[in-house]
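With my numbering applied, the sequence shown closes on residue 310, and no number is skipped along the way. Let me begin by presenting the structure, written as structure tokens, before commenting on it.
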Amino acid sequence: MQSTQKEIIYTTKKPYATLNTLTNSTKNVWFVCHGMGYLSKYFIRYFNGLNEKENYIIAPQAPSLYYQKGFKHVGASWLTKENTLAETENIMEYFDAILAEENIPSDKNIIVFGYSQGVSVATRYVKNREFNCAQLVLHSGGIPKELIAEDFKHLTAKVSLIYGTEDEYLNEERIAQETKFAKTLFKSNLNIIPFKGKHVVNVEIINSLV
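Below, the structure is given as structure tokens:
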């Protein structure tokens, strides 16, 4: 008996969350990618402290849902090592659809933000779509190792690398490796922002970025 793995293309519906209203007064549009275990409707609350008239936030939601410990809460995950290339392209097309739906005016500053696992899809989108945003914010997540400096030659954005010095997923060696890699990719555009804390979303730093 021989099994064969096949692929099919079909149309599906996926949710995403927004915060505030996109108006002529909006200065910044945030495209924020959550970490593993979040849902977009909860993750977006970390951006409540931003000026609501000047900031509009869009939070896509990772496609793979799962029950967390105790089966009381549902979380979402972006990617695994299984079929990564195809799943990445599915996510890229999902992001394309969100941005087409939102129809962001060209005079807005777009800030692409990734937290934890969200860093991987945020950086891949900027690379794969040659997306030139005003800021690229990489918060407490690993940058995909296949990326090279040439992938970001189009990017003129300010890039912020944020991490907690007490992050339970980091040690001195990992911090040195990640910062060196980020410098290789983004060169003089890179701003490294460590903070005293664990693997948590730093709202104070978020509010200081604009």
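Quick reminder that beta carbons are idealized off the backbone N, C-alpha and C, glycines included.
- Looking at the DSSP output, H239 bridges to Y215, I262.
- Boundaries around L199 are those of the alpha helix (DSSP H), 184-202, since no beta strand (DSSP E) includes it.
- Separation of E246 and N228 (C-alpha to C-alpha, rounded to the nearest whole angstrom) is 12 Å.
- By the neighbour-count definition (other C-beta atoms within 10 Å, threshold 16), G170 is an exposed residue.
- Here DSSP, grouped into helix, strand and coil, assigns A249 to helix.
- Nearest C-alpha to G214 among I262, R224, L238: L238.
- In this structure, N302 is the residue among S125, N302, L285 with its C-alpha nearest to the C-alpha of S216.
- The beta-carbon separation of V129 and I210, rounded to 5 Å, stays under the 8 Å limit for a contact.
- Just measuring C-alpha positions, the residue of F195, I243, L255 sitting nearest F131 is F195.
- Closest option to I243, judged by alpha-carbon separation, among Q161, S103, V259, C233: V259.
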